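In order, the protein sequences belong to chains C and Z. The first sequence begins at 1 in full-length UniProt numbering and counts up one residue at a time. The second sequence begins at 1 in full-length UniProt numbering and counts up one residue at a time. Cβ atoms here follow ideal geometry from the backbone N, Cα and C, with glycine treated the same way. Just so you know, these numbers come straight off a predicted model, no measurement behind them.
2 protein chains.
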Amino acid sequence: MPDSLNQAQYDTVYNFFSLVIAAQLFASIFMLVSLNRVLPRYRQAMTVAAVVCGIAAYHYFRIFDSFKTAFVTDAVGGRGDYVQVAGASFNEGYRYVDWLLTVPLLLLELIAVLALARRVQTRLLARLIPASALMIALGYPGEISGDDGLRGLFGVLSTIPFVYILYVLFVELTRSLDRQPASVRKTISQLRLLLLLTWGVYPIAYFLPMLGLDGADAWVGKQLGYSIADILAKALYGLIIYRIARMKSFADDDAFATRELSVDEVREVTAGAPPRNGAPVPKRVRGRDTD
Amino acid sequence: MPDSLNQAQYDTVYNFFSLVIAAQLFASIFMLVSLNRVLPRYRQAMTVAAVVCGIAAYHYFRIFDSFKTAFVTDAVGGRGDYVQVAGASFNEGYRYVDWLLTVPLLLLELIAVLALARRVQTRLLARLIPASALMIALGYPGEISGDDGLRGLFGVLSTIPFVYILYVLFVELTRSLDRQPASVRKTISQLRLLLLLTWGVYPIAYFLPMLGLDGADAWVGKQLGYSIADILAKALYGLIIYRIARMKSFADDDAFATRELSVDEVREVTAGAPPRNGAPVPKRVRGRDTD
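If you want it as structure tokens, here you go:
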């Protein structure tokens, strides 16, 4: 962590932290407000997605606060710089508290939106959730250690469960994908890719200090990397979950699609078939949508 | 309570207190948002569970604040340590205020989700609630006392209602369990076990200072123990209550299960029987679900 930041560096970190708060908080509110716009069976996934973004927003309020406490204007020096308060320190390890809660939940929302058979869900989650908690827990001792050897050791250890998670998502999960409607199969594959790409940012940021890149610019770059990765991995990811839940709701229930979409949109969703506007809708199905 | 903490100790307590706030606050929000996802008859239990987590989150904001006020950076010493502010002290006794409210409510939500006959509920609660209030009230004089004799005396007195609560939960309640659907009996037993294990942490933390373990590490360990126990005993406990309420809702009402679950899931919940999609749903049951 640098001893001082210039005005541009300070402002950049400040702006990005605030951007993360805005993105997560309003992604969360958007998803909560939109709960009724998917069928009840997909609302578990949506609620978890909203909770993940809410937790991330809360934590960025703390991170923002920790940043503002750690650096103060160097008024005496008159250089317009921000220097680290003696004894105070930006709480980098705090991110792990966030990940410990949110990473297992990100996997849970992915599995929930697929609405697989319960025993398949249970089997996948029994592998993914402990592996993800282990991945975070093993990274923490390396992050708070000042020693490059320990950082490297725990970094490698933490990579083992990470690779295992990728194996489950890209090999085991693939077998279940043929039960998904054709309209969402591609989006689900993209979602896994987003997960792989964004999660890949964290180990890169983790290993940066070992490359000797720990000046002020490198530190600012690391904060930017974490911030962008957090927005993509939680807010954008949640919005894609919402899109999948919408598409699956339309595929499951024509009446729901007719109610939610314009005539032209319905025609597309039902692949050219005319919308069943005039057809009688079974009472049970109609009752389903009105809560 | 220690006179000073080093940076790692301070950060650890800071991170865990904040973890508790995030866990309780978002467990509470999750349960409130998910109220409609159980039948109305189980919403009392869910609401109480959400309120318990909300109260705990509020109290941890206070505990967090008390911690930040009690320890300040030792900037002059320049050791990066945190020393206790002269005259200020971390308000440990504050936890009892939380427990006095939340512990009786935890027992109430357990009884409520079972949806027993009203006279059975009344009889159980008339025993459990006064016993739990007595348990907390008797622990308090020992906690704030600096004297080991008084601490021991009130510790033992407080254990008597604790044992009585366990008796009611594990002997008296067992007779009512055969009225529960088979699908949830195991989960309810696990819930009682969770309650026993997590509540067991509190007396251990209570008696720690009597073993002479009152250095900085022991104090940090005690705060961690309380934090983890509070997360398990309130947030995880509430989520298990939600799970029981969901399973009971599906067992009570096929139409509700059909609406809330995917086709694959319904097939499992109804134990292989095809979902009664076409069967007429009694009007009374349908009306019940839509409020």
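Residues in its own chain within less than 6 Å of residue i by CB, not counting five upstream and five downstream?
i              : result
D81 (chain Z)  : S4, N6, D74
G139 (chain C) : S158
E109 (chain Z) : A45, V48, A49, I241
P274 (chain C) : Because the pLDDT of P274 (chain C) is 46, which lies under 50, any placement of that residue in the model is unreliable, and the number read from its coordinates should be weighed accordingly. Counting only Cβ-Cβ distances below 6 Å, and skipping sequence neighbours, we find nothing.
E260 (chain Z) : none
Q9 (chain C)   : A216, V220
Check the DSSP bridge columns for residue i and list the partner residues they point to.
i              : result
Q223 (chain Z) : DSSP output for Q223 (chain Z) lists no bridge partner at all.
V83 (chain C)  : C:S4, C:V72
Identify, in the order they occur along the chain, each residue of the same chain with its Cβ nearer than 7 Å to the Cβ of residue i, setting aside the five sequence neighbours on each side.
i              : result
I188 (chain Z) : L177, Q180, I244
I231 (chain Z) : V20, A23
A70 (chain C)  : Q84, V85, A88, S89, F90
A56 (chain C)  : Q24, D98, T102, D230, K234
Y60 (chain C)  : F17, V20, I21, Q24
L107 (chain Z) : L128, I129, S132
A112 (chain C) : Q44, A45, V48
R41 (chain Z)  : A115
R120 (chain C) : Before going further, note that residue 120 (chain C) is Val rather than Arg in the sequence given. Within the same chain, V120 (chain C) has close Cβ partners S176.
R192 (chain Z) : L169, F170
L239 (chain C) : A27
T198 (chain C) : A229, L232, A233
G152 (chain C) : M210
R185 (chain C) : L177
A205 (chain C) : K222, G225, Y226
A218 (chain Z) : L208
Does the beta carbon of residue i come closer than 8 Å to any beta carbon on chain C?
i              : result
N15 (chain Z)  : yes
D217 (chain Z) : no
R119 (chain Z) : no
F26 (chain Z)  : yes
A233 (chain Z) : no
Q44 (chain Z)  : no
Q7 (chain Z)   : yes
R185 (chain Z) : no
R259 (chain Z) : yes
V38 (chain Z)  : no
A23 (chain Z)  : yes
F30 (chain Z)  : yes
L19 (chain Z)  : yes
Quick test of your reading: residue i and residue j, contact by CB under 8 Å. State the CB separation rounded to the nearest angstrom.
i              : j              : result
S249 (chain C) : V38 (chain C)  : 5 Å
P209 (chain C) : G155 (chain C) : Not really, about 11 Å apart at Cβ, beyond 8 Å.
G142 (chain Z) : L150 (chain Z) : 6 Å
V269 (chain Z) : A257 (chain Z) : 5 Å
I136 (chain C) : Y96 (chain C)  : 6 Å
L194 (chain Z) : L236 (chain Z) : 7 Å
V52 (chain C)  : L105 (chain C) : 5 Å
A117 (chain C) : D264 (chain Z) : 4 Å
If you measure from the beta carbon of residue i to each beta carbon in chain Z, is any gap under 8 Å?
i              : result
R62 (chain C)  : yes
V97 (chain C)  : yes
R246 (chain C) : no
T47 (chain C)  : yes
R175 (chain C) : no
G93 (chain C)  : yes
Y202 (chain C) : no
V266 (chain C) : no
G54 (chain C)  : yes
A115 (chain C) : yes
L101 (chain C) : yes
I144 (chain C) : yes
R41 (chain C)  : yes
S89 (chain C)  : yes
V156 (chain C) : no
Y226 (chain C) : no
Y237 (chain C) : no
So is the beta-carbon of residue i under 7 Å away from any non-hydrogen atom of the ligand ZN?
i              : result
R151 (chain Z) : In the structure on display, the ligand ZN does not appear, and there are no ligands present to speak of.
Quick one: residues in its chain with C-beta nearer than 8 Å to the C-beta of residue i, no 5 flanking neighbours on either side, listed in chain order?
i              : result
L125 (chain Z) : L107, L108, I111
T12 (chain Z)  : V220, L224
G54 (chain C)  : Q24, L25, S28
Y94 (chain Z)  : H59, R62, I63, S66
Next on the checklist: Which complete beta strand (DSSP E) runs does the stretch 77-152 of chain C hold, if anything under 3 residues is left out?
Outcome noted: Runs found: 82-84.
Checklist entry - Which ranges would you report for the alpha helix (DSSP H) in the stretch 231-256 of chain Z if only whole runs of at least 4 residues count? => result Within the stretch 231-256 of chain Z, the runs of alpha helix (DSSP H) that reach at least 4 residues and sit entirely inside it are, in chain order, 237-252.
Checklist entry - Counting only runs that start and end within the stretch 176-216 of chain Z, where is the beta strand (DSSP E) found for 3 or more residues in a row? => result Here no run is fully enclosed.
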